[in-house]
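Novice: First the structure, then my questions, so here it is.
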Amino acid sequence: MAYAILRCAKVKSLQRVAMIARHVHRLKPVANADPERARLNRKVIGSGDIVADVRQALPEKIRKNGVIAIEFVITASPEFFRPGNPDAYGEWDAERLLDFRRHT
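Just so you know, we're using the numbering used here here: the sequence shown kicks off at 3 and counts up by one.
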């Protein structure tokens, strides 16, 4: 059975926003990720410069412990993308991927 996966996390500093941006855009090595597949990451809103987007949206004064952004990751379990063989890393059903992207 396939599952939807939604992860959200509070982000409390611009330094952390920059770290997330480097990770998402594969500007730093990620041990369990193929850098060639970074193109599959989908940006929902923003200009592409995540730090600048967050900085522009912030008020002038922020509480010392305030949350400045929320990071969301939306995906599905391997059973959704590879219904016949969920263990086949690096393979997926192209139609299911397109369907998933249309609905997210």
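Each residue gets a CB set at the ideal place from its N, CA and C atoms; glycine is no exception.
1. CA-CA distance, ALA71 and ILE64?
2. Three-state secondary structure (DSSP) at VAL13?
3. Are three or more beta carbon pairs between the segment 51-62 and the segment 15-27 nearer than 8 angstroms?
4. What separation, rounded to the nearest whole angstrom, lies between the Cα atoms of ILE52 and ALA20?
5. Considering Cα atoms alone, identify which of LYS12, PHE74, ALA90, PRO61 is closest to THR106.
6. Taking 8 angstroms as the threshold (C-beta atoms), are PHE83 and ARG98 in contact?
7. For a test of the three-state rule: what should DSSP assign to GLU81, helix, strand or coil?
8. When you compare the CB positions of ALA6 and ALA78, do they come within less than 8 angstroms of one another, or not?
Specialist: In terms of the structure at hand:
1. The residue you call residue 71 lines up with position 69 of the sequence shown. The residue you call residue 64 lines up with position 62 of the sequence shown. Going by the C-alpha atoms only, they are around 12 angstroms apart.
2. Taking the first residue of the sequence shown as 1, we reach residue 13 at position 11. Reduced to three states, the DSSP call for VAL13 is strand.
3. yes
4. Counted from its first residue, the sequence shown places residue 52 at position 50. Counted from its first residue, the sequence shown places residue 20 at position 18. Cα to Cα, the separation comes out at about 7 angstroms.
5. Position 104 of the sequence shown holds residue 106. Of the candidates LYS12, PHE74, ALA90, PRO61, the one whose C-alpha sits nearest the C-alpha of THR106 is PHE74.
6. To locate residue 98, count along the sequence shown from 1; it is residue 96. To locate residue 83, count along the sequence shown from 1; it is residue 81. Going by C-beta atoms, ARG98 is nearer than 8 angstroms to PHE83.
7. On the sequence shown, residue 81 is found 79 positions in, with the first residue counted as 1. Helix.
8. Residue mapping note: residue 6 aligns to position 4 of the sequence shown, counting from 1. Residue mapping note: residue 78 aligns to position 76 of the sequence shown, counting from 1. The answer is yes: Cβ separation under 8 angstroms.
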